[in-house]
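K.L.:
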Amino acid sequence: MTASVDGSCTGPVAAKGRSCVDLVEYGTATGLALPDGVGRALAAGDVVDAAPDPYAPGRWSLRAGSKVGVVNIAVPGLREPFTVRVAPKVPIARLFFLLGYSLDPKSGWRDGEVDVAEHRDLLPALAHAVERQVDRALRQGLLQGYRSTEESSLVVRGRIREAEQIRRRFGTVLPVEVAYDEFTTDIAENRILRTAVDRLLRLPGVPREVRRRLLHQRARLVDVTPVMRGQQLPGWHPTRLNARYHNALRLAEVCLRGASAEQGPGGLRIDGFLFDMNRLFEDFVTVALREAVRGAGQEVRLQDSHHLDEDSAIRMRPDYVLYGPDGVPCAVADAKYKAERRGGYPDADLYQMLAYCTALGLSEGHLVYAKGNAPHVSHRVRKAGILIHQHALDLDQDPAGLLADIAQVARRMSAG
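Numbering (the numbering used here), first residue to last: 165 to 580.
In structure tokens form, the structure reads like this:
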């Protein structure tokens, strides 16, 4: 398949020109002819489920799971990278609401606050949103701050690193190993923004106008050192001084931390970004539930470690545990990014929640799903008396309705 002007994939996969395939999250499997290197890379990676067709050499079956986004696969012998795009099932604006709320509920991110314009595909929407947030952050100029630097110098600046000077240059006068604090724009905040802009510019499918604006932002950050491939992102802390950067930094980190970049044997390289919808839904549900009970004198712990057995050999980590003022668990919840099928939700989820309730000494447990045939059902376990609730959130509704449903779940948890 070759990429069209609007970024979609049309036509058969070709050895010449850019090749790509468009999939949908948890969609049906797609069979197509692929270069062997691309098929093997997908099968060995964690992007989509890929399997060779046993009856047709050169053909592969591809099926997307919970990860959405775009990746480029560079294989020796192909003139240009092969691109895999996985679209989310939820509307793009809703995805960014879930993302923004889980990152920073205090800022009250809503649809439209992280502007995705008219873009309906994930990559153009993300590129547009990052560029708009970077532009807002830099309107008053680049943030400056002190950066600690250690280097070899011909002049003494700051303090001499005596131990390093003796170890590396014993008996010589120059150069001198020094350490000093420099007031500069080359600080963590600007480096993160520059790196996110660079990454988006490398990916295909970014609209021409958005690419032009991204190039403008890179020119504003030209004196800032980008984070090299394989290096960890520098740390930063929200303060009053960098308040105008907060949204841009959080969105840039999402773009960078969701990136997949690796060098494989024979020059194989996978580069792009992926969001795991399972993790995104879990983060949204647990953060929104925590916000719903804030100020009630209760404590919430996410992914809190507990044990099922008395010997503490079987560990379990519920997504959400609510503790009362006395420090005793009073509610437990687990988020499941899956829709109810005709036969109902998987029984394994009920068994898992039954184990949580038993170990925590609770009479009720709550499973929160992405969508279901009914907003709420419950099951009482025979002889144990434990009541397990199954809640279904409709992600297609507006943010106000979604948060109202979360509040209803929180009320049921408090009532139990």
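Positions of the beta carbon are idealized from the N, C-alpha and C atoms, including for glycine.
Everything numeric in this text was worked out from a predicted model, so none of it was measured.
What's the call for Phe-347, buried or exposed, on a 16-neighbour Cβ count within 10 Å?
P.N.:
exposed
K.L.:
Determine the contact status of Leu-187 and Val-239, defining contact as a CB-CB distance below 8 angstroms.
P.N.:
The answer is no: Cβ separation not under 8 angstroms.
K.L.:
Quick one: give me the first and last residue of the alpha helix (DSSP H) that Asn-354 is part of.
P.N.:
Run containing Asn-354: 352 to 366, per the alpha helix (DSSP H) assignment.
K.L.:
The beta strand (DSSP E) that contains Leu-531, what's its start and end?
P.N.:
Going by DSSP, Leu-531 is part of the beta strand (DSSP E) stretching over 528 to 535.
K.L.:
Can you tell me the Cα-Cα spacing of Val-584 and Leu-557, whole angstroms?
P.N.:
Summary: the structure shown does not reach residue 584, with the chain confined to residues 165 through 580, and so no result is reported for it.
K.L.:
What are the uninterrupted segments assigned as beta strand (DSSP E) that are 3 or more residues long and contained completely in the stretch 538 to 563, given in chain order?
P.N.:
540 to 544, 551 to 556
K.L.:
Among Thr-247, His-410, Leu-263, Ala-293, which residue has its Cα nearest to the Cα of Arg-366?
P.N.:
Of the candidates Thr-247, His-410, Leu-263, Ala-293, the one whose C-alpha sits nearest the C-alpha of Arg-366 is Thr-247.
K.L.:
Could you give the DSSP three-state label for Ala-383: helix, strand or coil?
P.N.:
helix
K.L.:
Of the choices Glu-244, Val-202, Ser-316, Asp-483, whose alpha-carbon is the least far from that of Trp-224?
P.N.:
Val-202
K.L.:
Which residues bound the beta strand (DSSP E) around Val-188?
P.N.:
183 to 188
K.L.:
Considering just the uninterrupted stretch of the alpha helix (DSSP H) at Asn-236, what are its terminal residues?
P.N.:
Here Asn-236 belongs to no alpha helix (DSSP H); instead the beta strand (DSSP E) covers 231 to 238.
K.L.:
Output the distance between the C-alpha atoms of Asn-537 and Arg-546, rounded to the nearest integer angstrom.
P.N.:
24 angstroms
K.L.:
Assuming Phe-261 is part of the alpha helix (DSSP H), what are its boundary residues?
P.N.:
It spans 256 to 267 - the alpha helix (DSSP H) in which Phe-261 sits, taken as one unbroken run.
K.L.:
CB-CB under 8 angstroms to Leu-191, same chain, minus the five flanking residues each way: which ones, in chain order?
P.N.:
Reading off the sequence shown, one finds Gly at residue 191, where the question assumed Leu. Hits under 8 angstroms: Arg-227, Ala-228.
K.L.:
Quick one: residues in its chain with C-beta nearer than 6 angstroms to the C-beta of His-555, no 5 flanking neighbours on either side, listed in chain order?
P.N.:
So the qualifying residues of the chain are Val-532, His-540, Val-573.
K.L.:
Sorted by chain position, which residues of the same chain lie with C-beta nearer than 6 angstroms to Val-298's C-beta, five sequence neighbours on each side aside?
P.N.:
Excluding the 5 residues flanking it on each side, Val-298 has same chain C-beta neighbours closer than 6 angstroms at Leu-357, Gln-381, Ala-412, in chain order.
K.L.:
Would you kindly report the start and end of the unbroken alpha helix (DSSP H) that includes Val-250?
P.N.:
Element bounds for Val-250: not the alpha helix (DSSP H) but the beta strand (DSSP E), 246 to 251.
K.L.:
Which two residues bound the contiguous beta strand (DSSP E) that contains Thr-313?
P.N.:
309 to 317
K.L.:
Could you work out which residue in Lys-502, Leu-514, Pro-216 is closest to Thr-194 when comparing CA atoms only?
P.N.:
By alpha-carbon distance to Thr-194, the top candidate from Lys-502, Leu-514, Pro-216 is Pro-216.
K.L.:
Could you round the C-beta distance between Ser-266 and Asp-447 to whole angstroms and report it? I think they count as a contact, below 8 angstroms.
P.N.:
Indeed they touch by this definition, with Cβ atoms about 4 angstroms apart.
K.L.:
Would you decide whether Arg-355 is buried or exposed? Buried here means 16 or more other CB atoms lie within 10 Å of its CB.
P.N.:
A residue is called buried when at least 16 other Cβ atoms come within 10 angstroms of its Cβ; Arg-355 meets this threshold and is buried.
K.L.:
Have a look at the DSSP bridge pairing and note the partners of Ala-499.
P.N.:
Val-532
K.L.:
Can you tell me whether Ala-548 is buried or exposed? The criterion is at least 16 other CB atoms within 10 Å of its CB, across all chains shown.
P.N.:
exposed
K.L.:
Inspect the beta-carbon positions of Leu-526 and Leu-262 and report whether they are closer than 8 angstroms.
P.N.:
no
K.L.:
What does DSSP give as the partner residues of His-471 in its beta bridges?
P.N.:
The partner list for His-471 (beta bridge, DSSP) reads Arg-479.
K.L.:
Using 8 angstroms as the threshold, is the stretch 331 to 342 in touch with the stretch 314 to 323, meaning 3 or more CB pairs across them?
P.N.:
yes
K.L.:
Since Arg-465 sits in a beta bridge, which residues does DSSP pair it with?
P.N.:
Val-485
K.L.:
Considering only the alpha carbon of each residue, which of Glu-353, Thr-450, Val-464, His-543 lies closest to Asp-498?
P.N.:
Distances from the alpha-carbon of Asp-498 to those of Glu-353, Thr-450, Val-464, His-543 put Thr-450 closest.
K.L.:
For Val-340, which residues does DSSP report across the bridge?
P.N.:
DSSP output for Val-340 lists Ser-317 as bridge partner(s).
K.L.:
For the putative contact between Pro-402 and Thr-359, defined by C-beta atoms under 8 angstroms, what is the C-beta separation to the nearest angstrom?
P.N.:
Contact flag wrong, Cβ pair sits at about 19 angstroms.
K.L.:
Spatial neighbours of Val-177 within its chain, please: CB distance less than 7 angstroms, with the 5 preceding and 5 following residues excluded, ordered by chain position.
P.N.:
Because Val-177 carries a pLDDT of 46, less than 50, the predicted location of this residue cannot be relied on, and no value is offered for it.
K.L.:
So what does Thr-348 bridge to, in DSSP terms?
P.N.:
Gly-309
K.L.:
Should Ala-503 be listed as close to the ligand MN, given that the test is whether its C-beta is under 7 angstroms from any heavy atom?
P.N.:
With respect to small molecules bound, the structure shown includes none, and the ligand MN cannot be examined in it.
K.L.:
Among Ala-456, Gln-561, Lys-502, Ser-469, whose alpha-carbon lies nearest the alpha-carbon of Ala-523?
P.N.:
Among Ala-456, Gln-561, Lys-502, Ser-469, the Cα nearest to that of Ala-523 belongs to Ser-469.
K.L.:
State the Cα-Cα distance for the pair Gly-264 and Tyr-409, rounded to the nearest angstrom.
P.N.:
15 angstroms
K.L.:
So, with DSSP's three-state summary, where would you put Phe-334?
P.N.:
Phe-334 sits in coil when the DSSP states are folded into three classes, being neither helix nor strand.
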